[in-house]
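Q: Starting off with a structure, shown below.
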Amino acid sequence: MKNTIIIAEAGVNHNGSFDLAKKLVESAASSGADYVKFQTFKTELNISKTAKKAKYQIINTKNKVETQFEMVKKLELSFDEFLKIKLFCDKLKIGFLSTGFDFESVDFLDSLGMDYFKVPSGDITNKPLLKHIASKKRPIILSTGMANMNEIEMALDILTKHGCEKNQITVLHCNTEYPTPFEDVNLKAMNSIGEFLGVNIGYSDHSLGISVPIAAVALGAKIIEKHFTLDKNLEGPDHKCSLNPDELKKMVTSIRDVEKSLSGDGNKEPSKSEKVNIDIARKSLHINTTLKQGETLKEEHIICLRPGDGISPMNIDQVLGLKIKKDLNSFTKLQITDLI
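To convert, count from 1 in the sequence shown and add 946; that's our numbering.
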């Protein structure tokens, strides 16, 4: 039973290399993820040449002098390369997604016929881009890192007024610190978003490890997005807080296991697999001493022992005070035919 869409977020972990991007696609496909997602942009349309890098980007790239523009420009792939990546995804039977950060990139990605458009956290307050994405009339995934509830509500209002139905939007709770401290995850906010705004919910994770996205699925996330890389030691801003290929596979497997565990009807009844254990695990009434024919059965004569295929201890009051029909040895399992 698959309810959760799992997006393996390659992002810019290709380091600007088309060949590395293809290897990331292969890794995502082998993990069992539903989609592999990249980031499509023209740096000049997104970042000024004086924009500074975030603290985590400085730490992870070990470069204090480089500007954000210079860093991101090295991570840019061309539209032609993304077309080839999309075709490679089709060949490996994994869905292709990419976040479009500017009008030209959104238009290009629209021409590829993606299943979803992604609004990144940094553009949740970018009204022109929200309107442009909504105009494509495709399902939308909206990330909410750094946003408050009012800002999410305003973004939803823009999207729904310009071409996207509300039921086509999935809002991802997100924290944009890389890595996100566990005490800042605030996973309960995911459900608050769903309850307050009446939308489909999911989670985009930047914490270390796989425990938080698995917990998010247990809480009802319909989409999980998680960064991955081929090597955490590669140069670049996002590698160190990404999963390696083995961890990505483990996350996918764990999420699928959680889905199975949530697939019951909610009624508390013995499952088919555990019914065979009822007699083995439960106990029934046994005699703890030798009793002679005609003796009256008293509570001090009783011991409850496995197996549970005799008289249930729940029925002890119904047999106390009856007489023993025949001599019984110690630790004999009591049968209703032994009593009169």
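In this text, a Cβ means the ideal position worked out from N, Cα and C, and glycines have one as well.
Give the range of the beta strand (DSSP E) segment to which Gly1144 is assigned.
A: Note, Gly1144: premise wrong, no beta strand (DSSP E); not H, not E.
Q: In this structure, does DSSP put Gln1281 in helix, strand or coil?
A: DSSP places Gln1281 in coil when its eight states are reduced to three.
Q: Does the beta-carbon distance from Thr950 to Ile1170 come in below 8 Å?
A: Closer than 8 Å, so yes.
Q: Going along the chain, which residues of its own chain have a beta-carbon closer than 8 Å to the beta-carbon of Met1060, five neighbours each way excluded?
A: Cβ within range, chain order: Phe1042, Leu1043, Ser1044, Arg1084.
Q: Could you tell me which whole alpha helix (DSSP H) segments of length 4 or greater appear in the segment 1221–1275?
A: Listed in chain order, the complete alpha helix (DSSP H) runs (minimum 4 residues) inside the segment 1221–1275 are 1224–1227, 1262–1265.
Q: On the DSSP letters alone, give me the boundaries of the beta strand (DSSP E) that Ser1207 sits inside.
A: First-last for Ser1207: 1191–1207, but that is the alpha helix (DSSP H), not the beta strand (DSSP E).
Q: Let me check one thing: in DSSP terms, what residues is Phe1042 bridge-paired to?
A: According to DSSP, which records beta bridges pairwise, Phe1042 is partnered with Val982.
Q: When the Cα of Asp1273 is compared with those of Lys1221, Pro1253, Gly1240, Gly1166, which residue comes out closest?
A: The option with the nearest alpha carbon to Asp1273 is Gly1240.
Q: Between the Cα of Leu1243 and those of Ser1024, Lys1195, Ala1167, Ile1262, spot the shortest distance and give me the residue it belongs to.
A: The shortest Cα separation from Leu1243 among Ser1024, Lys1195, Ala1167, Ile1262 belongs to Ile1262.
Q: Taking 8 Å as the threshold (C-beta atoms), are Asn959 and His1185 in contact?
A: Going by C-beta atoms, His1185 is nearer than 8 Å to Asn959.
Q: Under 8 Å between the Cβ atoms of Ser1276 and Thr1235?
A: The answer is yes: Cβ separation under 8 Å.
Q: Taking the DSSP output, what are the residues bridged to Cys1120?
A: Looking at the DSSP assignment, Cys1120 forms a beta bridge with Ser1150.
Q: Among Cys1187, Ala1101, Lys1168, which has the Cα closest to the Cα of Phe1128?
A: Checking every option, the nearest Cα to that of Phe1128 belongs to Cys1187.
Q: State the DSSP-derived secondary structure class of Ile1160, mapped to helix, strand or coil.
A: In the structure shown, Ile1160 sits in a helix (DSSP, three-state: H, G or I).
Q: Run the CB neighbour count on Pro1183, radius 10 Å, all protein chains shown included, and call it buried at 16 or more, exposed below.
A: Pro1183 should be labelled buried.
Q: Residues bridged to Ser1089 by DSSP?
A: In DSSP, Ser1089 forms a bridge with Leu1118.
Q: Helix, strand or coil: how does DSSP classify Gly1068 here?
A: It is helical.
Q: Thinking just about the alpha-carbon of each residue, which of Glu1193, Ala1164, Gly962, Thr1090 is nearest to the one in Leu1154?
A: Checked all of Glu1193, Ala1164, Gly962, Thr1090; the closest Cα to Leu1154 is Glu1193.
Q: Look at the alpha carbon of Arg1228 and the alpha carbon of Gly1256, and state the distance between them as a whole number of angstroms.
A: Roughly 10 Å between the two C-alpha positions.
Q: Closer than 7 Å by C-beta to Ile1249: which residues in its own chain qualify, once you throw out the five before and the five after it? Chain order, please.
A: Cβ within range, chain order: His1232, Asn1234.
Q: Nearest by alpha-carbon distance to Asp1048: which of Asn992, Asp1026, Thr1283 is it?
A: Comparing Cα-Cα distances from Asp1048 to each of Asn992, Asp1026, Thr1283, the minimum goes to Asn992.
Q: Can you tell which of Phe987, Lys998, Tyr1002, Ala967 has its C-alpha closest to the C-alpha of Pro1125?
A: Closest by alpha carbon: Tyr1002.
Q: So the candidates are Arg1202, Val1065, Asn1096, Leu1021; which of them puts its Cα closest to the Cα of Asp980?
A: Checked all of Arg1202, Val1065, Asn1096, Leu1021; the closest Cα to Asp980 is Arg1202.
Q: Between which two residues does the alpha helix (DSSP H) harbouring Lys1172 extend?
A: First-last for Lys1172: 1169–1173, but that is the beta strand (DSSP E), not the alpha helix (DSSP H).
Q: For Leu1285, which residues in the same chain have their Cβ closer than 8 Å to its Cβ, ignoring the five residues on either side in sequence?
A: So the list reads Leu1243, Val1265, Leu1268, Lys1269, Ile1270, Lys1271, once near-sequence residues are dropped.
Q: Kindly provide the ranges of any alpha helix (DSSP H) runs that are 4 or more residues long and lie completely inside the segment 999–1060, ordered along the chain.
A: Those alpha helix (DSSP H) runs which fall completely within the segment 999–1060 and span 4+ residues are 1001–1007, 1014–1019, 1025–1038, 1049–1057.
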